[in-house]
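Peer 1: Can you read through this structure? Questions will come right after.
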Amino acid sequence: MTRLQSVFHLAAPAPFHFEGTAYSHGWVVLAPNAWDASRATMTRVERLGGGKIALLEITGAGTPRKPAIRIGATHRGRLSGEDGLEIQRRVSRMFRVDERLEDFYAECRARGGGWVKVTAGYGRLLRSPTVFEDVVKIICTTNTQWGGTKRMVSGLVEAYGEPYPGDGMRKAFPAPEAIAAAGLDEFAARVRMGYRAPYVHELAVRVTRGELDMEGFRNKGAPTAELRKQALGIKGIGNYAAATLLMLLGRYDCLAVDSVCREFAKKKYFAGRAPDDAEIHAIYEDWGEWRYLAYWFDLWQDFNGEL
DNA sequence: TTCCAGGGGTAGA
DNA sequence: TCTACCCATGGA
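Numbering (my numbering), first residue to last: 152 to 458.
Printed below as a string of structure tokens:
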């Protein structure tokens, strides 16, 4: 069967910095995502609800005043109207095109200095098309180095992801059903994620059985504290992971304090003395609902010198 | 060999 | 709510 191509354009909110969004944190290089720096293009295999597998090529488009995201989809067989809408919904979620950052930008402008650069369309930290994928990836970031996270996620995709037809090297992120169908022993032996294996497997089983509604975490009406409590109910999710998940859900009032954060705060704000967590939280307290983004771009500016 | 990483679960206080 | 202890894995 011949490969067909479809192209979609998503309108993005101005200001919108495509590369700054795609490469906003490590997610862009975690399988099945891949980043081609020479073309400023993100590619990813997506398994659609109707069963079709598409290879997506996602790039920035439009103009500064009317920014957009171009999605090139390669697939076998025609896409239905619903398939096309699903692709756009998924990319829209990944790049947070519905999120409003005006108040955050206003706060950055008020602070001045390097913060003004953030208002050029940064601040939308890349996420996954599904909450399930984000939670699995967050669990794979805990108590390991970044190289370990990449290895675990690649192994998971390789072992249980559906291959893109004609190029078995590229696969979609595994459906929870695929993980749940494997026994825990087999799963743990194939993916090698150590003590995290039972957590990820149990999560997949609970989602498959309908005991856990991951997409329900997007509930915009729920208070952050309630979502945090629900997140902490998932095995493998503690304070750091819950704050990271809340960030991916668009709630920035919790700070994800990890070893990177501790080391950064120690050097920049405490003259080499190790602060306790309460002291770290206090640094960004006055950013209110934007605390996480404030920390993230404080770290980013310090690390890169500039955006 | 030993340490530890973008921590978390559990038991016990 | 806090602390101590244990948890697999792989890189340094």
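Where is the CB? At the ideal position from N, CA and C, for every residue including glycine. These numbers come from a predicted model, not from an experiment.
(1) Looking at the structure shown, is residue 400 part of a helix, part of a strand, or coil, going by DSSP?
(2) Measure the C-alpha to C-alpha separation of residue 157 and residue 194 and round it to an integer number of angstroms.
(3) Quick check on DSSP: helix, strand or coil for residue 326?
(4) Determine the direct distance from the alpha carbon of residue 272 to that of residue 175, and round the result to whole angstroms.
(5) Counting pairs of beta carbons, one from the region 276-287 and one from the region 390-404, are three or more of them closer than 8 Å?
(6) Tell me, to the nearest whole angstrom, how far the beta carbon of residue 322 is from that of residue 309; I am working on the premise that it is less than 8 Å.
(7) When you compare the region 336-354 with the region 244-254, are there three or more beta-carbon pairs, one atom per stretch, that lie closer than 8 Å?
(8) Would you please state the rounded distance, in angstroms, between the beta carbons of residue 352 and residue 335? I believe it to be under 8 Å.
(9) Check this for me: beta carbons of residue 293 and residue 182, under 9 Å apart or not?
(10) Where do the ends of the alpha helix (DSSP H) carrying residue 286 lie?
(11) Curious, which full-length beta strand (DSSP E) runs of at least 3 residues does the region 160-247 contain?
(12) Relative to the alpha-carbon of residue 318, which residue among 196, 442, 305 and 291 has its alpha-carbon at the smallest distance?
(13) Give the DSSP-derived three-state secondary structure of residue 158 in the structure shown.
(14) Let me confirm a value: residue 173 is counted as buried when at least 16 other C-beta atoms fall within 10 Å, else exposed. Which label applies?
(15) Could you check if residue 168 is buried or exposed, using at least 16 other CB atoms within 10 Å of its CB as the buried criterion?
(16) With H, G and I counted as helix, E and B as strand and the rest as coil, what does DSSP make of residue 274?
(17) So if DSSP puts residue 426 in a beta bridge, which residue, or which two residues, is it bridged to?
(18) Does the beta-carbon of residue 245 have 16 or more other beta-carbons within 10 angstroms, so that it is buried, or is it exposed?
(19) By Cβ distance, which residues of its chain are closer than 7 Å to residue 305, with the 5 residues on each side in sequence left out?
(20) Below 9 Å between beta carbons: does that hold for residue 331 and residue 287?
(21) Considering only their Cβ atoms, is the gap separating residue 220 from residue 160 smaller than 9 Å?
(22) Just grab the DSSP bridge partners of residue 315 for me.
(23) Round the Cβ separation of residue 350 and residue 387 to the nearest angstrom and send it over; I've been treating them as touching at under 8 Å.
(24) Distance check for residue 419 and residue 454, CA to CA, integer angstroms please.
(25) Starting from the C-beta of residue 450, find all residues in its chain whose C-beta is less than 8 Å away, skip the five residues before and the five after it, and write them out in chain order.
(26) Distance check for residue 155 and residue 446, CA to CA, integer angstroms please.
(27) Tell me whether residue 303 is buried or exposed, calling it buried when 16 or more other Cβ atoms sit within 10 Å of its Cβ.
(28) Between residue 204 and residue 313, which are expected to be in contact by the criterion C-beta below 8 Å, what is the C-beta distance as a whole number of angstroms?
(29) I'd like the list of long-range same chain contacts for residue 170, defined as Cβ closer than 8 Å, with 5 residues on each side in sequence excluded.
(30) Pick from 430, 162, 379 and 327: whose alpha carbon is nearest that of residue 361?
(31) Mind pulling the beta strand (DSSP E) runs of 3 or more residues that sit fully within the region 369-400?
(32) Can you tell me the Cβ-Cβ gap for residue 206 and residue 315, rounded? I've got them flagged as a contact below 8 Å.
(33) Could you tell me the distance, in whole angstroms, from the CA atom of residue 230 to the CA atom of residue 236?
Peer 2: Let me lay it out:
(1) Residue 400 carries a coil assignment under DSSP once its states are collapsed to helix, strand and coil.
(2) 14 Å
(3) Three-state DSSP puts residue 326 in coil, outside helix and strand.
(4) 11 Å
(5) yes
(6) 7 Å
(7) no
(8) 5 Å
(9) no
(10) 282-290
(11) 185-187, 192-198, 204-213 and 218-227
(12) That would be 196, whose Cα lies nearest to the Cα of residue 318.
(13) strand
(14) Buried: at least 16 other Cβ atoms inside 10 Å.
(15) buried
(16) Looking at residue 274 - three-state DSSP - the assignment turns out to be coil, as it is neither helix nor strand.
(17) DSSP, once it has assigned bridges, lists no residue as partnering residue 426.
(18) buried
(19) 182
(20) no
(21) yes
(22) Answer is 318.
(23) Cβ-Cβ separation between residue 350 and residue 387: approximately 3 Å, consistent with a contact (criterion under 8 Å).
(24) Rounded to whole angstroms, residue 454 and residue 419 show a C-alpha spacing of 11 Å.
(25) 411, 412 and 415.
(26) 44 Å
(27) Buried is the call here.
(28) About 6 Å separates the beta carbon of residue 204 from that of residue 313, a gap short enough to meet the 8 Å contact definition.
(29) 191 and 211, listed in sequence order.
(30) 327
(31) none
(32) 5 Å
(33) 10 Å
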